[in-house]
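Undergrad: These protein sequence lines map, in sequence, to chains A, B, C, D, E, F, G and H.
Mapping the first sequence onto the numbering used here, position 33 (from 1) lands on 40, and the numbers just tick up by one.
Mapping the second sequence onto the numbering used here, position 167 (from 1) lands on 174, and the numbers just tick up by one.
Mapping the third sequence onto the numbering used here, position 62 (from 1) lands on 178, and the numbers just tick up by one.
Mapping the fourth sequence onto the numbering used here, position 17 (from 1) lands on 133, and the numbers just tick up by one.
Mapping the fifth sequence onto the numbering used here, position 235 (from 1) lands on 241, and the numbers just tick up by one.
Mapping the sixth sequence onto the numbering used here, position 49 (from 1) lands on 55, and the numbers just tick up by one.
Mapping the seventh sequence onto the numbering used here, position 340 (from 1) lands on 343, and the numbers just tick up by one.
Mapping the eighth sequence onto the numbering used here, position 113 (from 1) lands on 116, and the numbers just tick up by one.
Pasting a structure below so you can have a look.
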Amino acid sequence: MERYEIRLSGSGGQGLILAGKILAEAVAIYDRRNAVQTQSYGPEARGGASRAEVVISDGEIDYPKAMRLDLLLSLTQVSCTKYAGDLKKDGILIVDSEAVTEIPQGDFKVYRTPIMEIAVEQVGKAVVANIVALGIMTAISGVVSEESMEKAILARVPKGTEELNMKAFRMGLETGRSLVAG
Amino acid sequence: MERYEIRLSGSGGQGLILAGKILAEAVAIYDRRNAVQTQSYGPEARGGASRAEVVISDGEIDYPKAMRLDLLLSLTQVSCTKYAGDLKKDGILIVDSEAVTEIPQGDFKVYRTPIMEIAVEQVGKAVVANIVALGIMTAISGVVSEESMEKAILARVPKGTEELNMKAFRMGLETGRSLVAG
Amino acid sequence: MAEGQPASKELAIIRVNVEWCKGCEICVAFCPKDVLEMEGGKVTVARLEECTKCMLCELRCPDFAITVE
Amino acid sequence: MAEGQPASKELAIIRVNVEWCKGCEICVAFCPKDVLEMEGGKVTVARLEECTKCMLCELRCPDFAITVE
Amino acid sequence: MFDYLTYVREGNFPHIWCSGCGHGIVLKSFIRAIDKLGIHRDEAVMVSGIGCSSRTAGYVDINTLHTTHGRAIAFATGVKFANPKLHVIVVTGDGDATAIGGNHYIHAARRNIDLTVLIYNNYIYGMTGGQVSPTTPRGARASTSPFGNIEPPFNISGLASAAGASFVARGDVYHAQKLEKLITQAIQKKGFSVVEVLSPCPTAYGRRNRMASPVTLMEWLRDNCIPVKKYEKMSEEERSGKIRTGVLIDIEKPEFTEEYRKLVDSMQVRG
Amino acid sequence: MFDYLTYVREGNFPHIWCSGCGHGIVLKSFIRAIDKLGIHRDEAVMVSGIGCSSRTAGYVDINTLHTTHGRAIAFATGVKFANPKLHVIVVTGDGDATAIGGNHYIHAARRNIDLTVLIYNNYIYGMTGGQVSPTTPRGARASTSPFGNIEPPFNISGLASAAGASFVARGDVYHAQKLEKLITQAIQKKGFSVVEVLSPCPTAYGRRNRMASPVTLMEWLRDNCIPVKKYEKMSEEERSGKIRTGVLIDIEKPEFTEEYRKLVDSMQVRG
Amino acid sequence: MPDRYAGRTMMMQGNQACAEGAMAAGCRFFAGYPITPSSEIAEWLALRFPEVGGKFIQMEDEIGAMGAVIGASLTGVKAMTATSGPGFSLKQENIGYAAMAEVPCVVVDVQRGGPSTGMPTLPSQMDVQQARWGAHGDHGVIALTASSAQETFEQTIRAFNLAETYMMPVLLLLDEIVGHTTERIVIPDWDTVERIDRKQPEVPPDEYLPYRCPEGLIPVLANFGTGYRYNITGLCHNETGFPTNNKQENESLVIRLTEKIVAHRNEIIRLKRMMLDDADIVIFAYGTVARSARQAVMECREQGIKAGLLEATVLWPFPTEEVYALAGSVNAFVVPELNLGQMAREVELAVRCAAPVHRLNRVDGDPITPLQILDAVKEVV
Amino acid sequence: MPDRYAGRTMMMQGNQACAEGAMAAGCRFFAGYPITPSSEIAEWLALRFPEVGGKFIQMEDEIGAMGAVIGASLTGVKAMTATSGPGFSLKQENIGYAAMAEVPCVVVDVQRGGPSTGMPTLPSQMDVQQARWGAHGDHGVIALTASSAQETFEQTIRAFNLAETYMMPVLLLLDEIVGHTTERIVIPDWDTVERIDRKQPEVPPDEYLPYRCPEGLIPVLANFGTGYRYNITGLCHNETGFPTNNKQENESLVIRLTEKIVAHRNEIIRLKRMMLDDADIVIFAYGTVARSARQAVMECREQGIKAGLLEATVLWPFPTEEVYALAGSVNAFVVPELNLGQMAREVELAVRCAAPVHRLNRVDGDPITPLQILDAVKEVV
Ligand SMILES: Cc1ncc(C[n+]2csc(CCOP(=O)(O)OP(=O)(O)O)c2C)c(N)n1
Ligand SMILES: Cc1ncc(C[n+]2csc(CCOP(=O)(O)OP(=O)(O)O)c2C)c(N)n1
Ligand code: SF4
Ligand code: SF4
Ligand code: SF4
Ligand code: SF4
Ligand code: SF4
Ligand code: SF4
Ligand SMILES: [Mg+2]
Ligand SMILES: [Mg+2]
């Protein structure tokens with residue numbers, strides 16, 4: 008695969024940077040392909056809007072930032088509005104359907120699903136919304152293997168929360184699969 | 008006159024830098040010729056050896072430091088030994104005869120006189136040795152007028168010490184004249 | 117109870133600027149009368165009639181997001 | 117006075133390093149026995165026999181220039 | 007309802023501080039103080055350094071000067087000395103004022119120059135993501151003290167007094183009304199005045215130290231900040247873990263710009 | 007006779023200090039102290055900043071590090087932390103330590119790192135020719151306070167205590183034997199220890215303040231430096247103009263390098 | 004009330020002349036920290052300022068001094084600090100702030116031998132590249148120099164005028180010799196001194212945007228306390244003075260900070276030309292060394308060597324075009340400096356290979372003598 | 004005991020890779036002060052050092068951190084600090100001290116947008132000239148850079164090796180993108196890492212002169228506490244380490260501080276060459292921008308444009324000769340940089356007019372993209 012560009016966007020505290028790191032680690036360490044993860048912050052290293060990017064490729068990844076997105080995840084309206092235009096033709100947009108109500112126009116596939124709600128109501132904790140999102144993205148994008156994602160998640164989440172996170176990931180996978188299935 | 012270079016040398020606290028400034032002021036402000044005065048210090052701006060230079064000329068003075076001395080005043084042996092070699096052929100060396108006992112070899116005229124002793128015993132204060140020296144130099148060098156020197160001294164010395172300093176200056180003048188004469 | 121209370125006692129006007137409210141819950145936690153509640157990450161007025169206009173919610177809101185009149 | 121004094125009382129050896137002495141007069145001023153004097157800007161031992169070897173001159177000389185043995 | 011909006015730069019809101027950050031409460035207390043004092047906004051200058059706390063300057067509609075990290079007091083010294091008519095208020099953080107800025111802090115106190123310094127003490131470097139600060143309690147966790155801080159913290163207020171400040175107070179954002187009073191007194195004081203304000207940082211400090219919720223942090227302030235008078239009556243045991251708040255120092259001494267003015271006046275007479 | 011010469015770098019003598027400068031007396035007291043303590047010279051490091059006082063380093067035959075103005079304590083922190091076995095002594099001036107170096111001074115005190123700091127306080131910047139310093143008394147003349155200093159001076163020792171030092175003493179060069187003892191105690195103390203030494207500067211301070219003669223300055227010290235115990239018994243009036251000397255603070259508290267060692271040890275167990 | 008020195012001819016050190024120039028320029032605020040060989044500037048102002056109501060403060064360190072100067076300037080007063088190498092290094096962060104926030108002020112560096120503590124009482128020209136690049140981040144720089152007490156007086160005035168015109172810190176690079184040499188200076192009546200004061204807003208407060216730059220490149224900053232309330236920050240900001248995350252606004256700010264110098268280079272750059280019309284060899288010199296170079300040119304001419312002198316009194320912006328203009332018609336450049344060739348780099352960049360550039364460097368703490376330059380020229384001929 | 008990461012392949016930020024590189028190089032002392040975007044270096048070492056007995060201290064400010072690093076180094080430990088622009092400015096005085104006293108240490112500057120507080124979370128390459136000229140006084144400088152996490156790991160090791168070899172501070176200039184990008188790195192077994200430790204005296208203490216330089220240019224400084232008692236100062240000093248007023252000694256010291264770099268330039272300079280053999284256009288790039296340049300070269304070649312890349316991994320000393328060597332055979336140079344042309348100046352000086360030098364500058368906080376470089380090359384063709 009040439010180059011696959013993913014952006015995870017939302018606001019600080021949603022754990023998107025950690026999600027980006029897990030995704031990159033799954034690809035680069037466990038799937039043994041190349042991945043580079045970058046991020047951007049608000050003023051100095053704090054709060055506000057948050058954005059993580061993962062570029063995946065079988066070749067060397069020189070330019071580390073995304074240029075034309077293959078996949079955009081947006082957990083807030085602001086980030087969706089801001090970044091949807093960066094999607095490639097036929098790219099994929101995944102949004103939290105509760106937070107994002109207005110989808111910008113564009114030549115891309117849109118998947119809407121209440122990510123935060125799934126985390127709170129089906130998994131039981133808002134903090135795992137990022138892992139739910141990872142599950143959805145894994146199912147929809149197909150750029151990373153499920154096993155590698157599981158390993159990467161387990162390696163990064165705090166001790167004692169493994170099960171919760173696995174549950175979130177699987178919830179996400181299911182959601183993703185049914186979204187693809189339509 | 009092309010360029011006349013004077014160096015006053017000794018140790019910190021002998022007032023040589025003030026003497027240099029007075030001489031330069033006499034020439035440049037009162038005699039209305041050109042004069043430039045420079046100095047050098049020990050480590051940072053303190054104590055130790057002390058050296059003041061005055062360059063006098065009717066033309067512009069570009070290079071402000073002495074290159075070949077016309078006149079060297081030395082109140083210590085160390086400074087005399089160090090600087091005598093910088094004298095021009097036929098230059099003038101004036102030394103405190105008590106402090107400087109060894110005169111280096113060289114093609115210059117030497118005037119020996121107990122400057123400090125004159126200050127202490129004939130004027131009454133060691134601190135005016137610098138002014139005594141100015142008197143001697145005025146008489147011997149002929150590069151500055153006596154009147155201008157008097158004005159410059161009066162403008163620079165602390166209030167209340169004018170008479171003392173005038174006495175010192177005249178004592179120096181006399182000494183200088185008799186040295187030239189004899 | 118009605119006696120001794122000024123007849124003219126008016127209900128407080130509590131305004132929440134939801135654009136600014138960051139949902140810290142400070143106003144909710146320290147309202148002595150339990151007037152406020154969280155809803156969808158923002159504060160909302162649940163029991164206006166209980167409000168004594170003590171102004172503590174306004175005082176402590178870090179986000180200039182709630183005012184009481 | 118001689119009684120009670122050890123017979124073997126020796127004169128102090130006071131050494132002045134004239135190269136190092138800067139003539140500050142501290143040793144002179146604070147010698148309890150007035151042993152020292154200034155001469156030509158340097159210290160000199162004027163009344164050695166008075167010296168009690170109290171070492172104060174050595175102690176306070178800022179220039180490491182005077183020693184007492 | 008207090009009308010804060012006429013004092014703020016509304017266009018810059020919502021402010022950048024995190025949900026539950028105490029800094030907004032300090033800002034509000036400050037606004038009420040200048041309102042009460044009737045200070046003309048054109049004659050008030052706020053000088054800040056770098057840090058979350060220092061961002062306060064961007065929100066108040068007075069003359070505002072957001073400087074370099076640690077140097078706010080030095081800049082403020084220039085402003086005040088150049089134009090002593092201005093009311094100069096410094097807003098700064100524990101890191102800004104007492105880590106990199108410690109020297110300016112003690113020297114301004116020594117000089118007793120008429121500045122009012124509000125130190126937002128959140129025990130951490132908030133802006134840069136939670137590194138240990140000179141006020142982080144022993145044992146507390148920060149990104150650069152991952153095993154618990156081994157350094158003892160400064161007593162910010164004690165330092166100011168030792169250095170020569172004429173007014174030193176400590177307040178906290180839970181007791182926001184009292185804070186307003188302390189700030190009022192500090193501004194009124196002619197001389198170097200400090201108000202150390204305990205202002206929680208849920209994001210960078212709370213999360214690492216089992217106080218992630220703003221409410222928990224506020225409760226902690228409620229329960230541990232003890233007014234001076236009450237504190238004095240407490241036994242040694244009762245005092246443990248408690249923090250003295252209120253006016254700690256309030257003395258009269260010559261003020262720097264005033265002394266300089268006298269010098270200049272004396273020259274005019276001489277000259 | 008005390009044999010100073012085995013401890014000094016004789017080739018660098020006579021030293022650069024002016025006639026009657028007190029700094030040489032401090033140096034001698036220091037030498038007697040390390041001699042008495044039997045400290046191995048290879049294990050002693052002297053760190054200094056810039057100033058006449060800081061030139062001390064060039065004269066002692068131990069490891070010596072003459073750094074940048076105001077930063078001696080920071081450099082010394084590195085030396086000590088990197089190799090806690092070394093005895094690290096900082097020699098510095100009132101300007102070096104408390105003007106430009108004030109921040110490092112208070113932070114090293116806070117950390118309570120095991121350094122011994124000798125501050126040669128001559129109330130002036132000697133090296134640069136006599137500018138006002140943070141310890142210049144009010145009213146005193148300096149080249150940058152030609153009409154008399156309008157700023158109040160620091161209490162150097164008080165500042166160190168407020169910042170957290172575990173040992174603070176004040177001595178003077180007239181009472182040179184006592185000074186030696188204070189330095190000895192300071193070196194022995196495990197923790198941040200300060201000895202403020204009143205050391206006259208006839209050239210830059212004395213001359214401007216009617217104390218041009220070294221003897222006058224020494225007499226002034228003799229008459230005004232009062233041992234703590236005696237001072238405590240004096241009335242308020244008697245105290246005026248007098249200076250308390252002796253050990254001012256001596257407390258026990260955890261030392262920084264020791265605390266870090268414990269942290270490392272605990273990791274070895276964990277790991 | 005005329006000043007007591009106004010209109011007088013006096014003997015003064017360069018450092019004192021600098022202080023007097025500042026006063027004549029209208030400077031009424033000085034914050035400093037002593038350091039050889041600059042301390043006399045502070046000392047002279049400590050003595051003189053109270054007479055004219057100027058404010059003098061000795062700060063706790065150089066960083067604080069630079070901060071205080073910027074703070075003072077924002078109230079509308081002309082403000083200055085002075086230092087030497089080690090202090091110049093320490094001031095860099097705040098000099099960069101003044102450049103970013105566009106606060107006029109003057110920073111004097113009386114250069115001594117470096118690096119580090121180096122040779123505190125000896126001259127050098129070792130900080131000239133630091134003047135250009137000492138602070139992090141890109142921004143334009145104006146740095147002047149002077150070779151005599153009189154010129155120091157005048158250049159100090161010019162430094163203030165440039166600072167107020169272009170709204171930025173202006174650096175004045177002297178050296179130990181210029182600073183400590185006592186020579187005659189004529190102090191004009193202050194009223195006759197050309198003095199530029201910073202512009203003040205012409206719009207009412209509610210229309211005012213501090214960084215709008217009515218003339219395109221230079222902002223108009225209202226003095227604090229005059230009713231224009233705005234924000235100043237060292238963060239990238241837009242016209243309003245508030246921080247921005249807008250990329251275009253970032254870019255236009257950063258570029259403008261350099262562009263405002265580039266665009267006005269002709270008004271800023273000044274050169275002194277001596278016997279250049281028929282010169283085969285151009286000596287490029289500045290500061291103290293230019294004095295020796297003048298004498299060297301005279302001696303060259305006496306010996307029949309067609310040498311001329313291009314003396315820079317503005318080091319930054321560098322007179323690239325002016326140097327290049329000479330390059331075609333001469334055989335060589337000789338660049339004597341009290342450093343290891345710092346401005347010779349610039350001369351080389353400027354001549355664009357049209358003529359060889361020879362260096363004459365001295366770093367032992369002694370000045371370059373006329374004879375040394377003469378010899379260097381002869382070697383080239 | 005092998006380290007727990009040794010021999011592992013991991014995902015790491017450039018900043019963490021820098022910290023790991025330091026550990027692998029044998030660094031056991033870090034003193035710092037937090038600043039975006041460098042703080043992760045400190046944070047990672049605060050976590051990691053206790054495991055290996057390394058010392059971590061957060062100082063009160065950047066100046067103190069730099070001082071502590073120098074002090075620590077003199078005990079023989081390898082020591083480092085890390086910062087960004089504002090802190091880099093503050094450290095300059097003490098960096099100059101380390102250069103003067105010849106104390107090995109490593110200073111990392113993770114560059115962000117400037118000037119002043121600027122754009123704290125956005126990348127730049129705006130401090131590259133400051134790295135050369137930031138401290139007052141003349142002295143040689145070594146500055147490395149890196150473009151990926153793996154290279155950061157390696158360059159950090161090299162920085163220590165150069166510091167210990169040439170006895171001086173070595174600067175490592177990263178940028179926000181390199182510092183914050185997470186990518187795969189392979190951490191070798193520490194035993195296999197080439198590690199250079201500073202020489203120790205071979206003569207007995209009584210014959211030892213710290214600045215004698217047995218091999219001509221580089222002194223041998225004994226670790227404090229090992230029985231060699233000597234003096235270190237930032238004043239001009241002679242072989243003994245004591246201050247001197249001797250002019251010849253001053254001169255030889257100052258010249259040696261530059262000469263030791265000039266003389267060893269070939270050992271220090273390293274370049275990466277990509278498709279240069281037949282190149283018409285040379286892109287000169289470094290750091291983050293070199294990544295884009297690599298991609299741009301590939302795209303140029305696809306489009307039939309003969310572009311090549313000369314990537315500098317050592318910025319100072321500048322590879323003047325290597326650049327010049329290419330100048331004769333190519334049509335042009337293109338120098339893309341996240342600043343206003345700071346290294347393009349050097350390229351211009353180096354090519355000596357043998358080929359035109361085109362600049363591509365970006366200062367809005369966004370990186371230069373491969374496409375931008377491609378466009379710039381096309382414009383030149
Ligand atoms: C010279 C310099 N060093 C470091 C920084 C990075 N920095 C920005 S804010 C900050 C700490 C702020 O802490 P504090 O003052 O306590 O404010 P808070 O954010 O906690 O309110 C630091 C270290 C900087 N901007 N400039
Ligand atoms: C960064 C810097 N600023 C200023 C100086 C100039 N300087 C050298 S010593 C000194 C003051 C020394 O005073 P103090 O520490 O009291 O020592 P003393 O000479 O009085 O013993 C100053 C300001 C310097 N060398 N470096
Ligand atoms: S005013 Fe008082 S009672 Fe009313 S909502 Fe606010 S806190 Fe509650
Ligand atoms: S205190 Fe303010 S920000 Fe917090 S929940 Fe209440 S209204 Fe919202
Ligand atoms: S030892 Fe005592 S008595 Fe003897 S000379 Fe010295 S001070 Fe005087
Ligand atoms: S105290 Fe020392 S320096 Fe002073 S006069 Fe006596 S011997 Fe000489
Ligand atoms: S990081 Fe802490 S101090 Fe900064 S805004 Fe957030 S809560 Fe407040
Ligand atoms: S200037 Fe003062 S402090 Fe310095 S050596 Fe002379 S007397 Fe001592
Ligand atoms: Mg804080
Ligand atoms: Mg002093």
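The beta carbon of each residue, even a glycine, is placed where N, CA and C say it ideally should be.
Cβ of G/D64 less than 9 Å from any chain E Cβ?
TA: Interface residue, yes.
Undergrad: Take B/S152 and list the residues in its own chain whose beta-carbon comes closer than 6 Å to its own, dropping the five residues that flank it on each side.
TA: Correct list, in chain order: D38.
Undergrad: What are the complete alpha helix (DSSP H) segments, minimum 4 residues, inside the stretch 288 to 343 of chain G?
TA: Runs found: 291 to 305, 323 to 330.
Undergrad: Going along the stretch 53 to 78 of chain H in order, which residues come within less than 7 Å of chain G, judged by CB to CB distance?
TA: Result list empty, no residue passes.
Undergrad: Taking 8 Å as the threshold, find out whether the stretch 133 to 146 of chain G comes into contact with the stretch 81 to 92 of chain H through three or more Cβ pairs.
TA: Verdict: yes, contact present.
Undergrad: With respect to the alpha helix (DSSP H) encompassing E/V174, which residues constitute its N-terminal and C-terminal limits?
TA: Looking at the DSSP string, E/V174 is not in any alpha helix (DSSP H); the run it does join, the beta strand (DSSP E), is 173 to 178.
Undergrad: If I follow the unbroken alpha helix (DSSP H) through A/Y48, where does it start and stop?
TA: No alpha helix (DSSP H) contains A/Y48, which DSSP labels as neither H nor E.
Undergrad: Would you mind telling me which residues of chain E sit closer than 7 Å to G/Y8, beta carbon to beta carbon, in chain order?
TA: Simply none; closest approach about 13 Å.
Undergrad: For the stretch 152 to 175 of chain D, which residues have a CB atom closer than 7 Å to at least one CB atom of chain F, in sequence order?
TA: From the stretch 152 to 175 of chain D, only E174, L175 have a Cβ closer than 7 Å to chain F.
Undergrad: Using CA atoms only, rank isn't needed, just tell me which of A/N137, A/R58, A/L171 is closest to A/G131.
TA: Nearest option by C-alpha distance: A/L171.
Undergrad: Under 9 Å between the Cβ atoms of F/Q191 and F/D256?
TA: Yes. Within cutoff.
Undergrad: Indicate, with yes or no, if ligand 8 has a heavy atom lying under 8 Å from the CB of G/T195.
TA: Checking every heavy atom of ligand 8 against the Cβ of G/T195, none is found closer than 8 Å.
Undergrad: Roughly how far, in whole angstroms, is the beta-carbon of G/T78 from the beta-carbon of E/V85, given that I think they are within contact range, below 8 Å?
TA: Right, their Cβ atoms sit about 6 Å apart.
Undergrad: For H/T2, write down the residues that DSSP places opposite it in a beta bridge.
TA: Summary: the structure shown does not reach residue 2 of chain H, with chain H confined to residues 4 through 384, and so no result is reported for it.
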